[in-house]
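Structure first, then comments.
In this note's numbering, the protein residues as written are 363 to 560.
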């Protein structure tokens, strides 16, 4: 029997002993009241020893850890990146185009232009490195305490680390961001200005 799993008879004995201790000792009653209200419990005074048969009161429950603070993402950087992809790769034009009427060859030719422009934007404004250096398909072992935000387990995940499996994707991590600074008056929501030919 553990401290957190007292038997039924043990709980009856604890309740009866605590009941009589509360009636006979005002300081003990005050400590029990503090425990029940969730306040921290101060040490019992040494002048009044507790009877041998009286069990000690249960410690106050430890507070649950605080929920993680969620960061509010500002849309300006995302809108700026979308504007750069539109400027250099016509990305939004390509995505918004209804391609149902085009042949696969036409779509492939357009995708090659979009791909080249997107790649240029990423390489100019970001330093991107693989999360894992091993070749895809290689066998790796993840030790206990591995970074679960950088490595996602898939397939039949049972038990706990260490895990051994095949690296199906190396992942990507951004090491540096070099987006241009925006003037305070710049409207980042306009990712491509309308064009009027005169």
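A virtual CB, placed ideally from N, CA and C, is assigned to each residue, including glycine. These figures come from a predicted structure and were not determined experimentally.
Legend entry - Rounded C-alpha distance that separates residue 551 from residue 455: 16 Å
Inset, instruction - Can you say whether residue 443 is buried or exposed, counting buried as having 16 or more other CB atoms within 10 angstroms of its CB? - result: buried
Legend entry - Span of the alpha helix (DSSP H), counted from its first residue to its last, around residue 469: 466-487
Inset, instruction - Report the residue from 542, 513, 526 whose alpha carbon sits nearest the alpha carbon of residue 445. - result: 542
Inset, instruction - Determine the contact status of residue 536 and residue 469, defining contact as a CB-CB distance below 7 Å. - result: no
Legend entry - Residue closest to residue 424, alpha-carbon to alpha-carbon, out of 538, 467, 499, 400: 400
Legend entry - DSSP bridge partner residues for residue 504 (one or two, in chain order): 525
Legend entry - residue 490 - partner residues in DSSP beta bridges: 536
Legend entry - Secondary structure of residue 432, DSSP reduced to three states: coil
Legend entry - Enclosing alpha helix (DSSP H) for residue 455 [first to last residue]: 453-458
Inset, instruction - Take residue 448 as the anchor and find which of 389, 558, 554 has the nearest alpha-carbon. - result: 554
Legend entry - Sub-7 Å separation of residue 450 and residue 483 beta-carbons: yes
Legend entry - Boundaries (first-last residue) of the alpha helix (DSSP H) holding residue 399: 388-399
Legend entry - Buried or exposed by the 16-neighbour rule on C-beta atoms within 10 Å, applied to residue 479: buried
Legend entry - DSSP state of residue 425 mapped onto helix, strand, coil: coil
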